[in-house]
Amino acid sequence: MARNCGPFFLIVLLSSLLIHNSASIGVNYGTNGNNLPPPSQVVTFLKEKTIIDRVKLFDTNPDYLNAFANSGIAVTVTVGNGDIPSLVNLPAAQAWVAAHIAPFHPKTIINRIAVGNEILLTNDNNLINNLLPAMKTLHTALAQAGINDIQVSTPHSLGILIPFQFPSTGTFRPGYNLAPMLQFHRETKSPFMINPYPYFGYSPQTLNYALFKPNPGVFDKFSRRTYSNMFVAQLDAVYMAMKRVGYADVDIVVAETGWPSMADNNQQGVDVDSAMSYNSGVVKLVTSGGGTPLMPRRRFETYIFSLFNENIKPGPTAERNFGLFQPDFTPVYNAGIMRGQQGAQVPHGHGGHHAGRQGAHRNPVVAVPAAAGGKTWCVAKPDVSDTALQASLDYVCRSGLDCKPIQSGGGCFDPNTVRDHASYAMNAYYQANGRHDFNCDFSKTAVITTSDPSHGACRFAA
Numbered sequence: 008m009a010r011n012c013g014p015f016f017l018i019v020l021l022s023s024l025l026i027h028n029s030a031s032i033g034v035n036y037g038t039n040g041n042n043l044p045p046p047s048q049v050v051t052f053l054k055e056k057t058i059i060d061r062v063k064l065f066d067t068n069p070d071y072l073n074a075f076a077n078s079g080i081a082v083t084v085t086v087g088n089g090d091i092p093s094l095v096n097l098p099a100a101q102a103w104v105a106a107h108i109a110p111f112h113p114k115t116i117i118n119r120i121a122v123g124n125e126i127l128l129t130n131d132n133n134l135i136n137n138l139l140p141a142m143k144t145l146h147t148a149l150a151q152a153g154i155n156d157i158q159v160s161t162p163h164s165l166g167i168l169i170p171f172q173f174p175s176t177g178t179f180r181p182g183y184n185l186a187p188m189l190q191f192h193r194e195t196k197s198p199f200m201i202n203p204y205p206y207f208g209y210s211p212q213t214l215n216y217a218l219f220k221p222n223p224g225v226f227d228k229f230s231r232r233t234y235s236n237m238f239v240a241q242l243d244a245v246y247m248a249m250k251r252v253g254y255a256d257v258d259i260v261v262a263e264t265g266w267p268s269m270a271d272n273n274q275q276g277v278d279v280d281s282a283m284s285y286n287s288g289v290v291k292l293v294t295s296g297g298g299t300p301l302m303p304r305r306r307f308e309t310y311i312f313s314l315f316n317e318n319i320k321p322g323p324t325a326e327r328n329f330g331l332f333q334p335d336f337t338p339v340y341n342a343g344i345m346r347g348q349q350g351a352q353v354p355h356g357h358g359g360h361h362a363g364r365q366g367a368h369r370n371p372v373v374a375v376p377a378a379a380g381g382k383t384w385c386v387a388k389p390d391v392s393d394t395a396l397q398a399s400l401d402y403v404c405r406s407g408l409d410c411k412p413i414q415s416g417g418g419c420f421d422p423n424t425v426r427d428h429a430s431y432a433m434n435a436y437y438q439a440n441g442r443h444d445f446n447c448d449f450s451k452t453a454v455i456t457t458s459d460p461s462h463g464a465c466r467f468a469a
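Heads up, the sequence shown stops at 469 in my numbering, and the numbers go up one at a time, no gaps.
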């Protein structure tokens with residue numbers, strides 16, 4: 008049945024068009040906290056106090072969707088990774104739309120459905136093989152329900168790219184055939200969603216380059232362009248990868264990007280000042296409308312990660328300190344998103360260094376110099392309990408790194424102990440993320456060694 012196109016629908020449509028053509032600064036609204044304000048207060052705060060005009064949710068919680076009704080704030084909702092295989096079937100997709108979209112839209116402006124998150128790096132073939140079919144089926148289910156203004160996409164880690172030195176050489180990794188998905192985006196006029204995180208790819212030598220601070224820049228000898236920050240370089244690398252397979256016309260949405268204000272160990276560049284520098288730099292770039300060297304004057308809908316510090320979020324300390332605001336709405340720092348706010352400032356009492364991060368769930372993309380001093384490995388501490396090591400092991404294997412070698416039948420399955428498996432996984436993470444000391448912390452369960460832990464046919468990366 009056709010939808011009623013009365014005055015309210017026209018108002019919603021006009022609001023959607025205005026939002027689409029705006030500066031498009033959004034925020035990821037996570038809810039892993041036991042001290043967070045109710046969503047109705049969050050909506051009022053965003054509307055009255057900030058320039059944020061869109062949010063991205065990590066689920067379809069009806070309390071949050073109802074709270075955004077009639078707010079004019081666009082909402083992206085997320086399909087859980089585990090729900091993807093079932094949504095390949097049209098009846099299941101129709102039921103999902105009927106339960107999670109139709110009761111709220113268009114009073115709540117749901118502009119997009121994100122199908123899972125960083126699926127291609129999960130190494131789960133069931134999810135990977137069903138991702139695009141599920142996206143197509145959801146699109147069909149929306150159309151059959153008479154909903155034609157909600158896009159379907161899925162966010163990607165920049166681990167889908169071959170590590171690059173120059174943005175103009177950006178190329179998708181072998182084995183990732185993204186052309187069919189990009190064709191779907193072209194046909195449905197939906198964006199390719201990416202999660203660029205310079206935080207997970209910087210070195211001490213590239214810190215200012217990552218933080219939008221004065222630096223010599225990186226000259227791309229192939230495109231003859233100079234890059235003054237890593238975020239823009241990552242965007243152009245994605246663009247070039249898309250262009251190489253024939254889809255430069257597909258829009259790009261930055262689904263996540265951010266910088267924590269606190270982490271676990273002493274680490275250069277993890278403090279309130281650095282988080283403010285990065286996120287305010289992103290806001291200025293996006294709101295300027297200037298685009299990038301390879302995509303001039305192109306606007307990027309961008310979602311900062313994240314709205315609040317979330318005190319019960321699992322993982323290292325950094326995961327709980329990506330927020331722009333404390334739960335009482337106090338800014339952690341001035342990121343340039345408050346109405347009437349000028350410049351970037353740290354609120355009184357929030358300056359100085361904080362502890363560094365353990366690491367996180369994306370591989371670095373920009374190539375950086377290897378650490379000096381020979382080979383090092385990251386292994387489990389001898390005095391740590393199996394329970395603590397299991398938590399570290401689970402964290403690494405959920406991050407997208409390949410844990411198949413320590414699964415049954417894998418070359419490093421034996422000895423079949425939590426300690427041996429954790430050492431293999433933590434070392435793989437440490438090596439993949441640049442061999443920084445802070446990448447071998449894992450809540451004090453790991454230690455760096457110069458002794459090769461390889462044994463038999465099991466070879467530890469170095």
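Note that beta-carbon positions come from the ideal geometry of N, C-alpha and C, so glycine has one too.
What you are looking at is a predicted structure, and each value in this text was computed from that prediction instead of being measured.
- A Cβ-Cβ separation of about 6 Å places G166 in contact with G407 under the 8 Å criterion.
- A direct Cα-to-Cα measurement between A398 and C385 gives close to 16 Å.
- Boundaries of the beta strand (DSSP E) around Y310: T309 to I311.
- Contact check between the segment 136 to 146 and the segment 216 to 226: fewer than three CB pairs, one atom from each, fall below 8 Å, which does not count as touching.
- Contiguous beta strand (DSSP E) elements confined to the segment 100 to 186 occur at 117 to 122, 158 to 160 and 162 to 164, taking only those with 3 or more residues.
- Counting along the chain, E263 sits inside no alpha helix (DSSP H); it lies in the beta strand (DSSP E) bounded by residues I259 to T264.
- Where V62 is concerned, there is no enclosing alpha helix (DSSP H), although the beta strand (DSSP E) around it starts and stops at R61 to L64.
- Assigned with DSSP and collapsed to three states, V391 falls in coil, not helix or strand.
- Shortest Cα-Cα distance from T176 to any of N136, R61 and R231 involves R231.
- L72 and K388 have their C-alpha atoms roughly 45 Å apart.
- For V50, the enclosing alpha helix (DSSP H) starts and ends at P46 to K56.
- Counting C-beta atoms within 10 angstroms of its own C-beta, P300 has 16 or more neighbours from the protein chains shown and is therefore classed as buried.
- Taking R306 as the centre and dropping the five residues before and after it, the same chain places the C-beta of S31 and G296 closer than 7 Å to its C-beta, in chain order.
- Counting the other CB atoms within 10 Å of its CB gives E263 a total of 16 or more, which places it among the buried residues.
- Under DSSP, the beta-bridge partners assigned to A453 are A387.
- A432 places its beta carbon less than 8 Å from that of C404.
- In the three-state reduction of the DSSP assignment, P338 falls in the strand class, which pools E and B.
- Per DSSP, A432 is one residue of the alpha helix (DSSP H) stretching across V425 to A439.
- When the five nearest sequence neighbours on each side are left out, the beta carbons in the same chain lying within less than 8 Å of the beta carbon of P303 are those of G297, in order along the chain.
- Comparing alpha carbon positions, the residue from F75, A121, I117 and L97 closest to V86 is A121.
- Counting C-beta pairs closer than 8 Å gives three or more between the segment 251 to 269 and the segment 316 to 330, which meets the contact rule.
- Residues F315 and P334 of the same chain have their beta carbon placed closer than 7 Å to that of L43, with the five preceding and five following residues left out of the count.
- Counting C-beta atoms within 10 angstroms of its own C-beta, H462 has fewer than 16 neighbours from the protein chains shown and is therefore classed as exposed.
- In the structure shown, the three-state DSSP call for V252 is coil.
- Assigned with DSSP and collapsed to three states, T38 falls in coil, not helix or strand.
- Just measuring C-alpha positions, the residue of T129, A240 and S160 sitting nearest F171 is A240.
- Of the residues V257, A453 and F75, the one whose Cα lies closest to the Cα of S160 is V257.
- A distance of 8 Å or more separates the beta carbons of D444 and D271.
- Rounded to whole angstroms, the gap between the alpha carbons of S93 and Y254 is 29 Å.
- Taking C-alpha positions only, A244 is separated from L128 by approximately 18 Å.
- When DSSP states are grouped into helix, strand and coil, D271 belongs to the coil group.
- Spanning the alpha carbons of T144 and Q190 requires a straight line of approximately 15 Å.
- The beta-carbon distance between M237 and G208, rounded to whole angstroms, is 7 Å. This is short enough to meet the 8 Å contact definition.
- Y183 and Y36 have their C-alpha atoms spaced approximately 29 Å apart.
- Inter-residue distance for D421 and H428 is about 8 Å (C-alpha atoms, whole angstroms).
- Here C465 is bridged, per DSSP, to H462.
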